[in-house]
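Everything below concerns the one structure shown next.
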Amino acid sequence: MIVARLELQGLAAKAAGKAPAFRPVGRTEGNSYSPSHTGSENLMTDQADVLAQLSNALAARVAAVRGAIVAIRLPGERHLSGTLWQPDVVVASEQSLPKRNEFELIMPGGSAQGGTVSAKVAGRDPGTNIALLRLAQPVSLPPLVSGPAEAGALALAFGADGVGGTSVRMGAINQAGPEWTSSAGGRIDQRIVLDIRLARAEEGGPVLNAAGARLGITTFGPRAEVLVIPAATIERIVPALLRDGRIARGWLGVALQPVGVPDALHDEAGQSSGLMVMSIVDGGPAAKAGIVAGDIVLTVNGTPTRRLRRIATHLASESIGRNADLRVIRGGRVLSVQAVIEARPPA
């Protein structure tokens, strides 16, 4: 009965020149009505246009930055990425650059400077993980400007493929935190963490935000976490490295190891952990102050020293020549010792 009623309704609608209320999926012979796919076709076209626009935008970003990406040749047919920061200066990740004075660079293909050139190390700073290579002759530099990093925003990390080409990875900015101090004592202007996977050879390449502004260069942190050395840090460190070849930082001349404070001294010490002095450099600041192996450092200038990084915050360049007030445990007693911070000797 229901089928018959639908057929009658369809015949009546056809006689009236209208499309039937129950529309067939396909065309039927002798029936001038056919369903419209215009809406879905427009939607698919719009989606294709958006994808094409995104693809074109990514390609444009690659084209804009390609001229700033170089490959630094390493032994064993390996390479590391570097970023052309000035017409004659390449910035690289210091921690991965071998201790040599000169390197061969593979310049970006398709550019006026394409091919290989030699560059000499102009300076290294383990504190900020920045190394500089200086070219014998300046080359053309893409017109990049620095911009902000915001958590959740997209970022593009670039690298060199080792033969004059470019690799690119896209991901979100996982963290865009405040200024921090590295375990080697370098002040980093912002903590930027990328949610991407990076090949070892791509470390040291430039990072852009979605607008095409330069955020800095990539480096690896703990557990292969991908960090960005911010452009502001690079801009601050480059002039000093070009001038002096190194960044002078404070130094106490001790090797330290985190340890627990003896239970009997918890109340007097005011904390349950500290840093034990494992060894002392002869003639260094700590030795001159009377620090001995086995001392447990509790505080520096009133700040608890439960972690090695806490010590590093007191040893910035500005600390050289200043006094460091130390509270230490020695022989079951809590003592106060004063040391004068000196510049760390060259490696």
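Our numbering numbers the first residue of the sequence shown as 822 and each following residue consecutively.
Backbone N, C-alpha and C fix where the C-beta goes; we use that ideal spot for every residue, glycine too.
Could you give the C-beta distance for residue i and residue j, rounded to a whole number, given that I count them as a contact under 8 Å?
i     : j     : result
A1110 : Q1159 : 6 Å
V1121 : F979  : Contact flag wrong, Cβ pair sits at about 40 Å.
L926  : V938  : 5 Å
V1028 : V1049 : 5 Å
I1112 : D946  : That pair is no contact at about 27 Å.
A805  : V1098 : Here the chain comprises residues numbered 822 to 1168, so residue 805 is not present and cannot be evaluated.
V989  : L977  : 6 Å
V1047 : E1089 : In fact, because the Cβ distance is near 44 Å, the residues do not count as touching under 8 Å.
P1136 : I1162 : Per the sequence shown, residue 1136 should be read as Leu rather than Pro. The pair is a contact, with the Cβ atoms about 7 Å apart (cut-off 8 Å).
L956  : A981  : The pair is not a contact, with the Cβ atoms about 15 Å apart (cut-off 8 Å).
E1023 : T1040 : That belief does not hold up - the Cβ atoms of E1023 and T1040 are roughly 11 Å apart, past 8 Å.
L1062 : G944  : 3 Å
L895  : P919  : 6 Å
P1167 : R1067 : 6 Å
Can you look up residue i in the DSSP assignment and give me helix, strand or coil?
i     : result
L1019 : coil
T1126 : coil
H1135 : coil
V883  : helix
Q1011 : coil
T1120 : strand
V960  : coil
N950  : coil
A974  : coil
R1044 : helix
V871  : helix
Name the two residues that bound the continuous alpha helix (DSSP H) containing residue i.
i     : result
K941  : Careful: K941 lies outside any alpha helix (DSSP H), inside the beta strand (DSSP E) at G936 to D946.
E923  : First-last for E923: E923 to M928, but that is the beta strand (DSSP E), not the alpha helix (DSSP H).
P1060 : A1052 to D1065
A1108 : P1106 to A1110
Following the continuous beta strand (DSSP E) through residue i, name the residue where it begins and the one where it ends.
i     : result
A892  : I890 to L895
L901  : R899 to Q907
D1084 : Counting along the chain, D1084 falls outside any beta strand (DSSP E), and DSSP gives it neither H nor E.
R1035 : R1035 to F1041
P1027 : P1027 to N1030
V910  : V910 to S914
Just to confirm, is the Cβ distance from residue i to residue j under 7 Å?
i     : j     : result
G1071 : S1004 : no
A1164 : A1069 : yes
A970  : I994  : yes
G948  : G1042 : no
P959  : D909  : yes
A1020 : G1037 : no
A892  : T904  : no
V1082 : D1116 : no
H900  : G983  : yes
V1075 : A1045 : no
R1127 : S1094 : yes
V912  : I1055 : yes
S914  : G1026 : no
G968  : A1034 : yes
A1145 : T1002 : no
N950  : Q916  : yes
Q1011 : A972  : no
L1073 : V1118 : no
By DSSP's criteria, residue i is part of a beta bridge. Which residues make up the other side?
i     : result
P969  : Looking at the DSSP assignment, P969 forms no beta bridge with any residue, so it has no partner.
P1079 : L1096
S988  : G980
S1157 : R1148
G1071 : A1164
Q996  : V1014
V1049 : I1013 and T1039
I1101 : V1075
R955  : V910 and K941
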